[in-house]
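In what follows, a single structure is set out as structure tokens and then discussed.
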Amino acid sequence: MPAVDVSRIDRRVRAEVERRGLFLVSPDPEPGMRDAFVFVCTDPDPGDCGFTRVGHVSTATGFNHVVYAMDGRKTSAAVSLSQIRGLFPTWEDGIRVVLSAFDQCR
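Mapping the sequence shown onto the working numbering, position 76 (from 1) lands on 132, and the numbers just tick up by one.
Following this line, the structure appears as structure tokens:
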């Protein structure tokens, strides 16, 4: 599966991300990987996503979006993340959860 075109994420959600000084990044997947990811990062470089992300959303289940977000245990790079349980049918729903966790941990 190719990288997610983040320009297709709802503009209101993109504006919420930008207002916090964050970036949406979707790196090209590794060969053979079926899942797609959108990382919410403090830096726009896709090569640094693992270090600069404050959370991410993936299609790991195939039909819903799985969300990992800051959990507050470590708030400097690379932050600690925990999976958020719930049904997130869209990228936007998952990104909003990541932003909420980011706001709580700042």
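A virtual CB, placed ideally from N, CA and C, is assigned to each residue, including glycine.
Bear in mind that the values here come from a model prediction, so they are computed numbers and not experimental data.
DSSP bridge partner residues for residue i (one or two, in chain order)
| i | result |
| --- | --- |
| residue 114 | 93, 122 |
| residue 79 | 97 |
| residue 109 | 97 |
DSSP three-state assignment for residue i, whether helix, strand or coil
| i | result |
| --- | --- |
| residue 136 | coil |
| residue 162 | coil |
| residue 86 | coil |
| residue 143 | coil |
Cα-Cα separation between residue i and residue j, rounded to whole angstroms
| i | j | result |
| --- | --- | --- |
| residue 151 | residue 105 | 15 Å |
| residue 157 | residue 113 | 13 Å |
| residue 136 | residue 162 | 13 Å |
| residue 109 | residue 98 | 6 Å |
Status (buried if at least 16 other CB within 10 Å, exposed otherwise) for residue i
| i | result |
| --- | --- |
| residue 143 | exposed |
| residue 107 | exposed |
| residue 125 | buried |
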